[in-house]
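Residues 0 to 248 (numbering that gives the first Met the number 0) are what the sequence shown spells out, left to right.
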Amino acid sequence: MPDTDAPATKYNRVMLKISGEALMGDQSYGLHPPTVERIAREVKSVHDLGVEICMVIGGGNIFRGLQGSAQGMERTTADYMGMLATVMNALAMQSALEGLNIHTRVISAITMNEVAEPYIRRRAVRHLEKKRVCVFAAGTGNPFFTTDTAATLRANEMRCEAIFKGTKVDGVYDSDPVRNPDAKRYDRVTYDEVLQKRLGVMDASAIALARENNLPIIVFSLDEPGGFRGILAGQGTYTEVHGGPPGTA
Ligand code: UDP
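In structure tokens, the structure reads:
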């Protein structure tokens, strides 16, 4: 049902990227169901605006390939384990969203027909048109990539208007705001500045892919209740990563 008191948004179709760690709550590992449910409610409040939603969730709360390879595991095997971790997170999100009556499809880059749909672009587009949330799982399906790159790839394929990267802080800072109280937040910053200053928004291949396709990346705090919906309506604080000349507002 469309939300009649809804704030206006210029977006029709967006990608929400969150890390696996966002699902941990205060734990140091794994899934914290109340946190998954809280994020699902944030997604629902945007879905209620009639916006079509794609999601990519990382796997870092369960397993990261680099971590495994540092412990002597073969890198590609460790990366496949990381991709499988993202499938578990996607299923947890699907369950939480469906608990809120939002039709959700988990679409996996690695075929596993018993648990998720295979990735077929045109089929995924059709789901979005029918207002189903699409959670893209298993990253790009290839080792040596990250879910930031997967989110950028799928956002381009699905023709999303922007990637919304939900983090613990309300944007991109010139240094770590947790450690440095004088850290300055950017309202807007270019892809090139992010790469040159190593601002740590997303990994370099994701930023380069977004730059090539002029896909804006909006970094916002996922801890702010109602934050995702507000940001879509242009409210609240966030940083937009864009392609214009440096420092342009
Ligand atoms: N991964 C991969 N290819 C991809 C996406 C992910 O190999 O296209 C693996 C990689 O090992 C990575 C892990 O999956 O460490 C979990 O993803 P990521 O680190 O991006 O999760 P996040 O940090 O966002 O929780």
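Idealized CB from N, CA, C, for every residue including glycine.
Just so you know, these numbers come straight off a predicted model, no measurement behind them.
At a cut-off of 7 Å, would you count residue i as near the ligand UDP, judging by its Cβ distance to the nearest heavy atom?
i: M82; result: yes
i: G49; result: no
i: R153; result: no
i: E73; result: no
i: T103; result: no
i: G29; result: no
i: D147; result: yes
i: F163; result: no
i: G138; result: yes
i: S18; result: yes
i: L198; result: no
i: T65; result: What sits at residue 65 in the sequence shown is Leu, not Thr. L65: yes, Cβ under 7 Å from the ligand UDP.
i: A77; result: yes
i: T85; result: yes
i: F301; result: The chain is shown from 0 up to 248; residue 301 falls before or after that span and cannot be answered.
i: F135; result: no
i: N141; result: yes
Quick one: grab the DSSP three-state call for residue i.
i: S220; result: strand
i: M72; result: coil
i: T148; result: helix
i: K9; result: coil
i: T34; result: helix
i: A248; result: Because A248 carries a pLDDT of 49, less than 50, the predicted location of this residue cannot be relied on, and the following value inherits that uncertainty. The answer is coil: DSSP assigns A248 none of H, G, I, E or B.
i: H126; result: helix
i: Y190; result: helix
i: N112; result: coil
i: L15; result: strand
i: A21; result: helix
i: G165; result: strand
i: V50; result: coil
i: N206; result: The residue you asked about is not Asn; residue 206 is Ile in the sequence shown. I206 falls in the helix class under three-state DSSP.
i: R184; result: strand
Name the residue from the options whose alpha carbon lies nearest to the alpha carbon of residue i.
i: P224; options: Y118, N11, S94, V45; result: V45
i: A150; options: A39, L214, Q195, D25; result: L214
i: G243; options: F219, R197, S220, T189; result: T189
i: V105; options: A21, A39, V134, F163; result: V134
i: S94; options: R40, N141, G58; result: R40
i: L208; options: T238, A154, M87, R184; result: A154
i: E20; options: Y10, F62, R12; result: F62
i: D47; options: L99, H31, A77, I56; result: L99
i: S18; options: A7, D191, L96, V168; result: V168
i: T146; options: G229, R12, Y237, Y79; result: Y79
i: N11; options: F143, V124, A182, N212; result: V124
i: R37; options: A77, Y28, G24; result: G24
i: V55; options: V177, T103, T75; result: T103
i: G57; options: V42, M87, Q70; result: M87
Inset, instruction - Determine contact between the stretch 104–122 and the stretch 58–67, defined as no fewer than three beta-carbon pairs at a distance below 8 Å. - result: Contact between the stretch 104–122 and the stretch 58–67 is absent: fewer than 3 CB-CB pairs across the two stretches fall below 8 Å.
Inset, instruction - Would you be able to state if there are at least three C-beta pairs under 8 Å between the stretch 120–131 and the stretch 45–53? - result: Touching, yes, given that three or more Cβ pairs across the two stretches are closer than 8 Å.
Legend entry - Touching by the beta-carbon criterion (3+ pairs, under 8 Å), the stretch 217–235 and the stretch 172–183: Too few Cβ pairs lie closer than 8 Å, so no.
Legend entry - At least three beta-carbon pairs within less than 8 Å, the stretch 156–166 to the stretch 78–94: Touching, no.
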